[in-house]
Structure formats: C-alpha cells, structure tokens
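Scroll down for the structure; my scribbles are underneath it.
2 protein chains.
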Amino acid sequence: MTEEPTITTIAQHAGVSIASVSRVLNGLPTKAETERKVMSAARELGYVPNSAARSLKSRRSNQIGFAMADIGNPVYLAMIREIQPIFKAAGYRLVLHSTDADTADEIDVLRGLGERYIDGLIMIPLRLTGEHLTMFAAARAPIVVIGSVPEDAPVDNVRTDSRAGVRLAVEHLHGLGRRRIGFVNGPLDTVPGAARSAAYAEALAALGLPYDPGLTQVGDFYRAEGARAAARLLDRVPDLDALLCANDLIAFGALDVLRRAGRRVPQDVAVAGMDDTDLATLAWPPLTSVSLGSAERGRAAAELLLDKLENTRRAPRVVTVEPRLVVRASTDPSRIPGEEAP
Amino acid sequence: MTEEPTITTIAQHAGVSIASVSRVLNGLPTKAETERKVMSAARELGYVPNSAARSLKSRRSNQIGFAMADIGNPVYLAMIREIQPIFKAAGYRLVLHSTDADTADEIDVLRGLGERYIDGLIMIPLRLTGEHLTMFAAARAPIVVIGSVPEDAPVDNVRTDSRAGVRLAVEHLHGLGRRRIGFVNGPLDTVPGAARSAAYAEALAALGLPYDPGLTQVGDFYRAEGARAAARLLDRVPDLDALLCANDLIAFGALDVLRRAGRRVPQDVAVAGMDDTDLATLAWPPLTSVSLGSAERGRAAAELLLDKLENTRRAPRVVTVEPRLVVRASTDPSRIPGEEAP
Chain V
32 MTEEPTITTI AQHAGVSIAS VSRVLNGLPT KAETERKVMS AARELGYVPN
82 SAARSLKSRR SNQIGFAMAD IGNPVYLAMI REIQPIFKAA GYRLVLHSTD
132 ADTADEIDVL RGLGERYIDG LIMIPLRLTG EHLTMFAAAR APIVVIGSVP
182 EDAPVDNVRT DSRAGVRLAV EHLHGLGRRR IGFVNGPLDT VPGAARSAAY
232 AEALAALGLP YDPGLTQVGD FYRAEGARAA ARLLDRVPDL DALLCANDLI
282 AFGALDVLRR AGRRVPQDVA VAGMDDTDLA TLAWPPLTSV SLGSAERGRA
332 AAELLLDKLE NTRRAPRVVT VEPRLVVRAS TDPSRIPGEE AP
Chain P
32 MTEEPTITTI AQHAGVSIAS VSRVLNGLPT KAETERKVMS AARELGYVPN
82 SAARSLKSRR SNQIGFAMAD IGNPVYLAMI REIQPIFKAA GYRLVLHSTD
132 ADTADEIDVL RGLGERYIDG LIMIPLRLTG EHLTMFAAAR APIVVIGSVP
182 EDAPVDNVRT DSRAGVRLAV EHLHGLGRRR IGFVNGPLDT VPGAARSAAY
232 AEALAALGLP YDPGLTQVGD FYRAEGARAA ARLLDRVPDL DALLCANDLI
282 AFGALDVLRR AGRRVPQDVA VAGMDDTDLA TLAWPPLTSV SLGSAERGRA
332 AAELLLDKLE NTRRAPRVVT VEPRLVVRAS TDPSRIPGEE AP
C-alpha cells in the first residue's frame, strides 16, 4: 500500500462495514470478532490513529454538512447519531443546518459547497425544485440526498418506501376493526406529503374502504400544527375511530388534542405516527409508529458520501431502506406500558 | 448615515429590540406598533432588504457557529429557535455543532474560528478547561459563552442562576410535604452538574432538612442514563417520595423507571426536571420543571454576538436570566392534564 489507509480501505480489507470500522476506531462497544478483524486490517495496512484524518486535512475544509428541515424533529437526530461518529472516525467535523424546509436556505447551503467550506453534503430537501437540481449538477463536491430524487439526478440517494409504510399502518388499523381511519398530513407540495397522501388513498382502496377526502386534513410536520389539524378533523368527523399521522410530531399534537377532548386512546381513537422516533416511548400512551429506518438511512448516507469522497468518479448510487411497523399502546390496548422497553 | 444600516442600528433607531427588528424583517407576526417603528426606522436609515447581508458578505464567511453538547436535548432547540432568525435577518447562515460535551471536539470548533469558516461563535461548554480559556484569549473572532465562565474571560457571557432554580424546585417539593427528596444529577465534573449538586445541598439546609448523600445519584444528562441512575436510587431508597432531576431528559428516564416499578407519579413520587423543555408537556404526567430561560438566553447570546460583530472593541458583557418554576401534574395531582395548554 502506497496510499495512507482510510476507514473505507480498512473496511474493505477487513470485510466489515464502514460503520463497524468507525465504531472500533471510536472505541465504541463492538463484537469481539469484528474488533479483531478491524484491528488486524488496520495493522496490516499500516494505519495509525488519525492518519486518515491528517491525510485528508491537507487539501480540504475537513467539514461535512448535514442539512435538514427541522432540528427539532427527532427523526433527524436518529440520523445524526449515525452520521457523526462515521465522519469523526474519518477525520471530519460535522456541521448541521436547520432550514425550516425553506428552499432559499437550502440553496444557500448548496452554495456553501462552492465556497468550499464543506467537502460534502448530506441533505433532505422536503421540496425538490429545479434550482436544487441545477445546483446538484453544478456542485463541485459530492452530495447525498435522503429522500426522493429523479432517477438521473447526479447525486447519491438514500430512500425509503414511505408508501409501503403508510400501507402497513392502514392495514394494522383496519385489522383492529377500525373503519373511520383519518389521516393528518404535512403540506402536499412536499415530497413526503405528496407520497403519503397518495399512499393513504391506495391503502384504503386495497382494503376495499372508500376514500373520503373529508377524513384527511393537511397541516404541517410540527406538533403544534399537527394539533391544529387534528382538532379540525375531529370537529368535522366526530365518529373517527383511528388516526394516521404523517409523522410522530403530528401524532403528538393529535394526542394532546384527543386528551383535551376526553377521547380515550386507543379505545375511542387509535393513533399511529410515522418515523418511530425516540419520543414515541415518551408520549402517553406510547405511540405506534412506522419506522422508516432513520438510523439505517443516516448510516447509508454517511457511507455513500465517504465512499464518494474517495472515489470521486464513480456513478451515483441508490440505497433503499424498508419500512416496518412498531406497534405500541396507542393502537393496541393489550400492550401494557409498564412492560415496554425504555 | 454613511454606513449601511444593520439590524442593530435599526433597533437602536426604532427603540426596539434586535429580536423585534428580526421578526419584522423576517415577516413574522409582530405588534402593529413595533412593526410601524421598525419600518419607519428602516426607511429613515435607507435600509433596503438584504443590504445588511450584502455589506457583510464582502469580507466574511457569512456563517455563525453554535456549539452545544447534545443536539438531542431540546433545551438547545429552544435556543436555536431564537438565534437562527436573528442571524438570518442579519444575513448570516447558522451552522450547528453537536459535541457530546467532548472537550477535543469543542476545541476543534474553536479552531474553526481561526480557519475563518465562521465569523463568530456561541458555545455552551459543559466542562470549561484551561484549553478553552487559552482558545478564548487567542480567538480572532467574537465568542459568546452560555454558561459560567471566569469573570475575566475575554468573551461575552449569558448565564442563569441554576442555584436559585434548584432552590425553587426543592422548596416546591418540600411545600408539598415531601421529605425524602432524591436528586439525580449529571456528571459532577461538568459546570451544571457541580453547580446543581451544591445547590441541592444548600436548598435542603435552608429548609432544615438533613443532607443525605445516599439520596443523590450521579448519571449523565441523557434519558437512558437518567433512567439507569433513577433505578439505582430507587433500589437503594425505596421510600423516596420526591425526585429532582438535573434536567428534563433525566426526568423522562426517571418517569420510565417509576412507571415500570409501579410507582405512581406524583402520588407516590413527585418528579421535577430542569430546563422546562417542549417535551415537558409530552411526557406523562406532564413534567414540573424549572425554566432556566433557554429562549431568553439564546436571544441574549445572539444579540450580544451581533453587537460584538459590529463593535469589535467593546468590553465583554454579562447577561443573567432568572429561573422560574413551572408546576405541572408530575408534582401536583390537582393539575388536570386535560386542562393543560398544549
């Protein structure tokens, strides 16, 4: 080896994931076998701690950007908790941007790539505009987009099947005998809002339930806006027996409203969220939620970006993470919260 | 006026706060009278939208850093929600760093000031080392520290009286008739951990209660660590009738543990947190918490930094924010959650 080893080359040599190398080099608990493989590969390749970092520092800002809509949404925290240690092990500092899903702010962050204050960027645009795509094409540094992008976009892409996720939740609520299943969504001009709206209608159709636009209410992806939207929906449809919310924060707002209205959850109204955030077990009752694999998506995005920084000419890649349903007491009265894992 | 107006000069001219100017220029809802004053001052000073931003952009990175211990702690979110719009109105992009209270990471961020990738920094070091102080003295750009610093530190400083905050909580629990008041703290080698530990002992003494070291347990400022520490304390002191937690995340962990142990909150054990985060009303029961004025502290820090960027030679300033107790159902069974504000 003439080049200095990096965590990518160590991972290849050891036959383990980049995340595993990162864990070992960060001194985090790892399976003994994995640790042995990593340390052995590191020795063989002549790795000395931080040499990867030093070799990169020479020409670079040594910073990676992560741009998300709302730093207050724990779905992004779950991603950051995976992304940060991977880049730290590789000698990069992670800088975070909270854009409020404001396109101008996102474009401004993309401009930062041109100003070379970051060497690469992971971003989650809720609205994908022509300006985003133009900036992607012009970017002089690698970009990973978490979310949907056109197939020919010149960026690496990590996506989840939120349609399948919505279907899992609707089928679950239907399976519990619920037939008046409301849906509180975020704005329809966002990528997730549009996808989840279509998926809700499809899922009902697949179950032979009629699609009633009166059962849906658009708000925004925050707790206060979720509460307002849920309140409007409940006023309009008092005999609602289930409520699917397009993310957990909306569901927390809905729980606030249902409690104030004296409606029991889940006996009167079963409530499900999406994203399966850390807070799902803080809420009362603990929230059933569709996991869209935020930790996995964060890890995949970090690995793609790190790989692209070292293999700048390779073609864009797509990684897809499958959703799964996590059932808790907000839909299933038989779950006793006292027995829930923390 | 020969210089281009900035949001600071507009605020001075209009006789309103920088935050108010920021709200008006960002198009956020503001009192009509304030809006009139700001727009009138802006006109008189010849302000054109974004000219402040443009005039600053020439020589600067146009970025401000905010370094906090844990992006997952909503106390920092409350600060960011105040800081970001103020800098946005002034033409700056906010970049966030989550350091896990790791001194090496914090020093690395301070180094970023020297690399001129940020024009100024707001930071909240949980452990203040000699290295921090050396970097403060050497910094070529302004720094605001939220937390305690030595009196002669060459930085602006925003602090709260967490000692008074602990006293408010202990007096409240004592007033409810509780006499076995446990305390779950973060690490004692952190600034807040040390201050809150001393304050707990003082508050008991002031009430004539004995200080029993067996009633205190040190963990860390996270939910999972809070749960572990609370579990140890409960094992050791089964007749505990109140629990003060050094922040809200610890209190959420304690609520998890108490629920699993079948202890009713607040009837068996009254629980209070500190920071009064957004999540206090998500938890069950809603959490009594000591507000340390996170929004006010964030706003004060942003205003100090913005002022210092324009008046680079002025002496360091200190702003102090007073704590206050927010009582909810986790200590007071008479509070009916259905009547709680969202």
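Chains as they are written, first to last, in my numbering: chain V, 32 to 373; chain P, 32 to 373. In this text, a Cβ means the ideal position worked out from N, Cα and C, and glycines have one as well.
{"Item": "Using a Cβ-Cβ cut-off of 7 Å, state whether LEU157 of chain V counts as contacting chain P.", "Value": "no"}
{"Item": "Would you call the CB atoms of THR247 of chain P and PHE283 of chain P closer than 7 Å?", "Value": "no"}
{"Item": "Please list the terminal residues of the continuous beta strand (DSSP E) segment that includes PHE97 of chain P.", "Value": "94-99"}
{"Item": "If you check the beta carbons only, do VAL302 of chain V and LEU274 of chain V fall under 7 Å apart?", "Value": "yes"}
{"Item": "Give the straight-line distance between the Cα atoms of ASN57 of chain V and LEU108 of chain V, rounded to the nearest whole angstrom.", "Value": "19 Å"}
{"Item": "State yes or no: is the C-beta of GLY257 of chain V within less than 7 Å of the C-beta of LEU286 of chain V?", "Value": "no"}
{"Item": "Using 7 Å as the threshold, is the C-beta distance between ALA169 of chain V and SER193 of chain V below it?", "Value": "no"}
{"Item": "Determine the direct distance from the alpha carbon of GLY122 of chain P to that of SER89 of chain P, and round the result to whole angstroms.", "Value": "Note that SER89 of chain P has pLDDT 44, beneath the 50 cutoff, so the model's placement of it is unreliable and the number below is only indicative. Spanning the two alpha carbons is a distance of roughly 11 Å."}
{"Item": "Could you name the residues of the region 302-328 of chain V whose beta carbon sits closer than 9 Å to any beta carbon of chain P, in the order they occur along the chain?", "Value": "ASP309, LEU310, THR312, LEU313, ALA314, TRP315 and PRO316"}
{"Item": "Name the two residues that bound the continuous beta strand (DSSP E) containing GLN43 of chain V.", "Value": "Element bounds for GLN43 of chain V: not the beta strand (DSSP E) but the alpha helix (DSSP H), 38-45."}
{"Item": "Counting only beta-carbon atoms, is ASP139 of chain P nearer than 7 Å to chain B?", "Value": "In summary, chain B is missing from the structure at hand, where the protein chains are V and P."}
{"Item": "Does the beta carbon of LYS88 of chain P sit closer than 7 Å to a beta carbon anywhere in chain V?", "Value": "In this prediction, LYS88 of chain P scores a pLDDT of 41, lower than 50, which makes its location untrustworthy; no coordinate-derived value is stated."}
{"Item": "Is the shortest distance between the beta-carbon of LEU127 of chain V and the beta-carbons of chain P less than 7 Å?", "Value": "yes"}
{"Item": "Quick one: which unbroken alpha helix (DSSP H) runs of 4-plus residues sit fully inside the region 106-193 of chain P? Chain order, please.", "Value": "134-145 and 161-169"}
{"Item": "Could you compute how far the alpha carbon of THR130 of chain V sits from the alpha carbon of LEU125 of chain P?", "Value": "10 Å"}
{"Item": "As an exercise, report each continuous alpha helix (DSSP H) stretch of at least 4 residues that is fully enclosed by the region 288-354 of chain P, in chain order.", "Value": "325-341"}
{"Item": "Are the beta-carbon atoms of SER92 of chain V and ASP150 of chain V separated by less than 7 Å?", "Value": "yes"}
{"Item": "Against chain P, which members of the region 245-270 of chain V pass a CB distance test of less than 8 Å?", "Value": "ARG254, ALA255 and ALA258"}
{"Item": "For PHE283 of chain P, write down the residues that DSSP places opposite it in a beta bridge.", "Value": "None, per the DSSP bridge assignment."}
{"Item": "By alpha-carbon positions, which one of V:VAL358, V:GLY77, V:ALA346 and V:PRO223 ends up nearest to ALA184 of chain V?", "Value": "V:ALA346"}
{"Item": "In terms of residue numbering, what span does the beta strand (DSSP E) encompassing ILE49 of chain P cover?", "Value": "ILE49 of chain P -> not in any beta strand (DSSP E); alpha helix (DSSP H) instead, spanning 49-56."}
{"Item": "Excluding five sequence neighbours on each side, which residues of the same chain lie with their C-beta closer than 6 Å to the C-beta of ALA45 of chain P?", "Value": "LYS68, VAL69 and ALA72"}
{"Item": "Got a sec? Which residues, its chain only, sit under 8 Å from PRO364 of chain V by beta carbon, not counting five neighbours each side?", "Value": "PRO297 and GLN298"}
{"Item": "With ALA273 of chain V as the anchor, note down where its beta strand (DSSP E) starts and where it stops.", "Value": "273-276"}
{"Item": "Does the contact criterion of 3 or more C-beta pairs under 8 Å hold for the region 348-365 of chain V versus the region 309-319 of chain V?", "Value": "yes"}
{"Item": "Could you give the distance in angstroms between the alpha-carbon of PRO244 of chain P and the alpha-carbon of LEU207 of chain P?", "Value": "22 Å"}
{"Item": "Look at PRO173 of chain V and HIS163 of chain V and say whether their C-beta atoms are less than 7 Å apart.", "Value": "no"}
{"Item": "Give me the Cα-Cα distance between ALA25 of chain P and ALA50 of chain P, rounded to the nearest whole angstrom.", "Value": "The shown model of chain P, from 32 to 373, leaves out residue 25 of chain P, and the question about it has no answer."}
{"Item": "Compare the C-alpha of GLN94 of chain V against each of V:VAL349, V:ARG355, V:LEU340 and V:THR351 and name the closest.", "Value": "V:LEU340"}
{"Item": "Excluding the five sequence neighbours on either side, which residues of its own chain have a C-beta within less than 7 Å of the C-beta of MET166 of chain V, listed in chain order?", "Value": "ILE138 and LEU141"}
{"Item": "Can you give the Cα-Cα distance for GLU146 of chain P and GLU202 of chain V, rounded to whole angstroms?", "Value": "54 Å"}
{"Item": "Would you call the region 260-269 of chain P and the region 231-239 of chain P touching, i.e. three or more CB-CB distances under 8 Å?", "Value": "no"}
{"Item": "Which value, in whole angstroms, describes the spacing of the CA atoms of SER86 of chain P and GLY178 of chain P?", "Value": "With a pLDDT of 37 at SER86 of chain P, under the threshold of 50, the predicted position of this residue should be treated as unreliable, and no value is reported."}
{"Item": "Please list the partners that ARG330 of chain P has in chain V, where partner means a Cβ-to-Cβ separation under 9 Å.", "Value": "In chain order: nothing, as chain V lies at least about 17 Å away."}
{"Item": "Going along the chain, which unbroken runs of the beta strand (DSSP E) with 3 or more residues stay wholly within the region 189-247 of chain P?", "Value": "212-216"}
{"Item": "Using 7 Å as the limit for Cβ to Cβ distance, is PHE283 of chain V near chain P?", "Value": "yes"}
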